[in-house]
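A quick write-up on the structure given underneath.
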């Protein structure tokens, strides 16, 4: 918490009493400049589908306007748990984010 206080955020974004999540996001965006806000809202959509012995997972990267920047999808013919498929989709999203930097 000391780091946040020294950084000028004085802990109010973490200790605030927010009824709706959007109120917290609005407070965060007031602290960020427009460039940082655009980076903050770059969306990654992770997708995992599992049926019997077939699994597919992927990720789509979109900008703040919803325009698709890049995407990747993998299909495997093996049995896998839904949780592991979601984890693989998250990993795929992180690799895509590194490629886009």
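In the working numbering, the protein residues as written are 165 to 265. Think of the CB as a built atom: it goes at the ideal place given N, C-alpha and C, for glycine as much as any other residue.
{"Asked": "For residue 257, name the three-state secondary structure that DSSP assigns.", "Found": "helix"}
{"Asked": "Is the distance from the Cβ of residue 118 to the Cβ of residue 219 below 7 Å?", "Found": "Shown here, the chain extends from 165 to 265; a query on residue 118 therefore has no answer."}
{"Asked": "Rank 244, 238 and 243 by C-alpha distance to the C-alpha of residue 256 and give the top, closest one.", "Found": "238"}
{"Asked": "Pick from 221, 191, 183 and 187: whose alpha carbon is nearest that of residue 246?", "Found": "221"}
{"Asked": "Measuring straight from C-alpha to C-alpha, what distance separates residue 225 and residue 233?", "Found": "5 Å"}
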